[in-house]
Amino acid sequence: MKTELYGFQYDFIQNNGHSIVFTERQGKPLKVEDINSLQRKMIESNTIPHLLPLEVEEIDFRVRVYYNLTAKRMLTPYLKEKSLSMNEYYTLFLTIISTLEDSRLYMLSDQQYVLKEDFIFIGKNVQDLYLTYLPFNDIEGKNESLEDVKALLLNIAGEVQGLMGGAFKHVLHYIKDPNFNLSGLKALIMKLQAAQTQPHAMYAGSEMASALYTHGHSESAPAFNGEHQRSSSASQQAEASSSQSNKQEKATLKGALPPLTSRERTSSILMVVLSLAILWKLYDAFTVPTMLYICSGLSGVVIILWLMYWKVWRPGVKRQEGREDVPRPKGISAGNVPGREPLFAEGVAYSPYSQPPITDFQMSPAFAEHNSTSSPLSKDDTVMLGDASEVLTESREQKTPSTIRPFLEVIREGNQKEKVKLDTDHFVIGRNAEAVQYVENSIGVSRAHIEFVHLDGTYGVKDLGSKNGTQLNEEQLVPYKLYALKDQDKVFIGKVEYIFRMGT
């Protein structure tokens, strides 16, 4: 089947490794003029972290762009085989954001990364992540990267095991913020991740996340209700912990410079080492007491300047704004601030080991596909998570199922037969009962093995990077490549035969 992305035709091939290859644009062969020459040189001359390796081939004035997928898994089937933890969810997006931010260091555009699940690849773990970059001129029909990040946040959230509504609703709030930007999202996720890894500071972490969202949206501090006080000793302990943690966080935020990228850190350290080496090389050439004093003094200056660059001042870089310290009357908790919802119910102390599952909120399509690991929250969280449905409804079109659905005739050993209806547009078969539409436990079947796809009135099948592969009419399928199906086509996985029937 023909596959297209922003007007560019591509295919999956298996030839001395596994690759994606882009060959055409708007039905015409790619030419040298379609490639951004500067970006091509930067990619070919640098090893860019988290960029999917690519190679440009020119033959007879025609261009092909190859992306190496060897030892990498597409994000979509990866999530079907393994649900992400909250920490992995945060890590995934911190890596994506850092990659987009660092693109300018290599003279690339953050708008030319493809932020779709089928073009993000995972190596050993979510930290070993690779994004697809399109080094083309004039890419048409592509959304802004910020919009793609928003959609990705919501789509992947449905695959998170034990989704924490209290933390995720802050992400939902920020997604709908008109001032949404990558730096703000990165700061929010880092604070939520810190709270996630330190359960005893979860309450304060939630307050900090709320502060990051509300900062800059109100010109005056909120009024407090001084008459309302907590009646439980457990809530007083939570308040004291929150107050102490908030003070520490404010001290950390106040006047802080944004963190250096790994490239900037490495460059600054190398510059210091080189400067010190030159100074003491001069002393080695002129070993007199005066030169010793001069080199010692200049070495101290170099080290001081280096520390200032890391902690105090950098040319062209502004300090992060600190949060204004609003005095809180004694006995008043964050849960009593008007307009802000409490993370926990009144008088209930937080216990990191009693996180209930999320099941009671109204799910959007993205979350409904993966509900097996979710569990109940408080009523407030239920209402807030309903926002996800609103956002997803705006970004996704609701598809009306066809009145006539095809089915699969399953034939097993011993001539055992079974009829399976293809009742969704994306019908996955594999061993993982939580992520597939049909469970196949036969020998040689992967957790998420194959997917039957309904696209533009036609049906196709693709192998999801399975270990033992898939055959269509005795032809071995290239992983992730979509093959068109016709009536009575035979698909083989393990020792099981699936016959595709168009239905009646």
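The opening residue of the sequence shown carries number 1 in full-length UniProt numbering; numbering runs sequentially from there. The beta carbon of each residue, even a glycine, is placed where N, CA and C say it ideally should be. Predicted model only: the values in this text are computed from it and were never measured.
What residues match up with residue i in a beta bridge as DSSP calls it?
i           : result
residue 507 : Past the edges of the chain, shown from 1 to 504, lies residue 507, and the structure says nothing about it.
S19         : I13, N68
I120        : L131
A484        : G460
Q476        : Q471
G84         : One point to set straight first is that residue 84 is Leu, not Gly, in the sequence displayed. DSSP, once it has assigned bridges, lists V160 as partnering L84.
Y498        : V410, V491
I96         : In the DSSP output, where bridge partners are listed per residue, I96 has none listed.
residue 509 : Any answer about residue 509 is impossible in this case: the structure gives the chain only from 1 up to 504.
L279        : According to DSSP, L279 bridges with nothing at all.
P29         : E24
V63         : E58
M74         : F121
F136        : I35
Counting C-beta neighbours from all protein chains within 10 Å, is the total for residue i 16 or more, i.e. buried, or is it exposed?
i    : result
G463 : What sits at residue 463 in the sequence shown is Asp, not Gly. Result: buried.
R73  : buried
S364 : Caution applies to S364, whose pLDDT of 42 falls short of 50 and renders its modelled position unreliable; the value that the coordinates give is listed next. So S364 counts as buried.
Y350 : The predicted model places Y350 with a pLDDT of 38, which falls under 50 and marks its position as unreliable; any figure quoted below should be read in that light. With 16 or more Cβ atoms within 10 Å of its Cβ, Y350 is classed as buried.
G166 : buried
P222 : Low confidence applies here, because P222 scores a pLDDT of 36, under 50, leaving its location unreliable and the question unanswered by this model.
M164 : buried
Y293 : exposed
L436 : The residue you asked about is not Leu; residue 436 is Val in the sequence shown. Its Cβ being crowded by 16 or more others within 10 Å, V436 is buried.
V32  : exposed
E24  : buried
H426 : exposed
K495 : exposed
Y213 : For Y213, the predicted model reports a pLDDT of 47, less than 50, meaning its position is unreliable; a value from the coordinates is still stated below. The residue in question, Y213, is buried, as its Cβ has 16 or more Cβ neighbours within 10 Å.
T76  : buried
K486 : exposed
L274 : exposed
V461 : buried
Please report how far the alpha carbon of residue i lies from the alpha carbon of residue j, in whole angstroms.
i    : j    : result
L279 : M308 : 20 Å
Y283 : E264 : 29 Å
T470 : E117 : 22 Å
E418 : E497 : 11 Å
Y483 : V126 : 28 Å
M107 : W306 : 26 Å
Y174 : G123 : 30 Å
A71  : V21  : 17 Å
L472 : K490 : 6 Å
Q416 : E409 : 10 Å
L270 : G465 : 42 Å
G158 : V302 : 50 Å
Y438 : V160 : 21 Å
I358 : E474 : The predicted position of I358 is uncertain, since its pLDDT is 39 and thus under 50; a value taken from the coordinates is nonetheless stated next. When rounded, the distance between both Cα atoms is 44 Å.
H454 : T424 : 8 Å
I493 : F452 : 13 Å
S103 : E434 : 37 Å
F93  : K80  : 18 Å
S296 : V272 : 14 Å
L188 : T47  : 29 Å
L38  : E44  : 10 Å
R405 : L422 : 6 Å
M42  : Q112 : 14 Å
N36  : Q26  : 17 Å
K2   : T266 : 45 Å
L146 : I304 : 38 Å
Y67  : Q476 : 21 Å
R501 : P479 : 23 Å
E55  : F121 : 17 Å
D128 : V114 : 17 Å
D34  : F12  : 21 Å
M86  : F180 : 21 Å
Starting from residue i, trace the beta strand (DSSP E) both ways and give me its first and last residue.
i    : result
E147 : Per DSSP, E147 belongs to no beta strand (DSSP E); it is in the alpha helix (DSSP H), 145-157.
F180 : Segment: none, F180 is in no beta strand (DSSP E) and carries neither H nor E.
V302 : Unbroken run through V302 is the alpha helix (DSSP H), 289-311; no beta strand (DSSP E).
K417 : 417-421
E57  : 54-59
E4   : 3-5
F427 : 426-430
What span of residues does the alpha helix (DSSP H) with residue i cover, start to end?
i    : result
V453 : Per DSSP, V453 belongs to no alpha helix (DSSP H); it is in the beta strand (DSSP E), 450-455.
K467 : Where K467 is concerned, there is no enclosing alpha helix (DSSP H), given that its DSSP letter is neither H nor E.
E44  : 37-45
Counting Cβ pairs, one atom from each stretch, are 3 or more of them under 8 Å apart for the stretch 58-67 and the stretch 95-103? no
Taking 8 Å as the cut-off, does the stretch 146-160 touch the stretch 121-133 (at least 3 CB pairs, one atom from each stretch)? no
Within the chosen definition, does the stretch 418-430 reach the stretch 448-459 through at least 3 CB pairs nearer than 8 Å? yes
Examine the Cβ distances between the stretch 134-143 and the stretch 3-14 and report whether three or more of them are shorter than 8 Å. yes
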